[in-house]
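Scroll down for the structure; my scribbles are underneath it.
In the numbering used here, the protein residues as written are 947 to 1119.
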């Protein structure tokens, strides 16, 4: 069994618990597992751009600290640098506000700012799942089972989305 498979049940249980309680009510290690898993999944799927435009970006500031706590300091630094793209206070916690800020930039500027940081993440040699599993073992008594395992539900279906700026590969100009 690899480190991802060892860590996943802890992420899954934290997600089930999030249907019962707010994020702030999770234990710190549960929060860290959620932050690390969602950032890696979103970024692997669509780069840091995707992480920030999805609900996972609500926790961008916490995510940098979560990577620091598990020992992935290089990725923590990449997250801190990426958070500064949004200014001194970092990205808005509100998804709609964060998306509006991202989509207000021309697509070239979005790529210029987030592209190199995404590439730095992909080039980083931190083995996040090994580090996360060691962190889980060190905090094993701070993880809890959910009261009930219901199917996951999305919390953000009712958001108003700013109109994204799309660029066609077929446009010449």
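C-beta: ideal position from N, C-alpha, C; glycine also.
| query | result |
| --- | --- |
| Nearest-angstrom Cβ-Cβ length linking residue 979 and residue 960, presumed shorter than 8 Å | 6 Å |
| Alpha-carbon spacing of residue 953 relative to residue 1023, whole angstroms | 23 Å |
| Residue 1032 vs residue 1054 beta-carbon contact at 8 Å | no |
| C-beta atoms of residue 1021 and residue 1067 nearer than 8 Å | yes |
| Euclidean distance between Cα positions of residue 1078 and residue 1071 | 14 Å |
| Beta-carbon proximity of residue 1026 to residue 1081, cut-off 8 Å | no |
| Proximity below 8 Å, CB of residue 1092 to CB of residue 966 | yes |
| Residue 1098 - DSSP class collapsed to helix/strand/coil | Only weak support exists for where residue 1098 lies, its pLDDT of 49 falling under 50; the coordinates are left without a value. |
| C-beta contact flag for residue 1001 and residue 1034 at 8 Å | no |
| Extent of the continuous alpha helix (DSSP H) to which residue 1035 belongs | Run containing residue 1035: none; DSSP gives neither H nor E here. |
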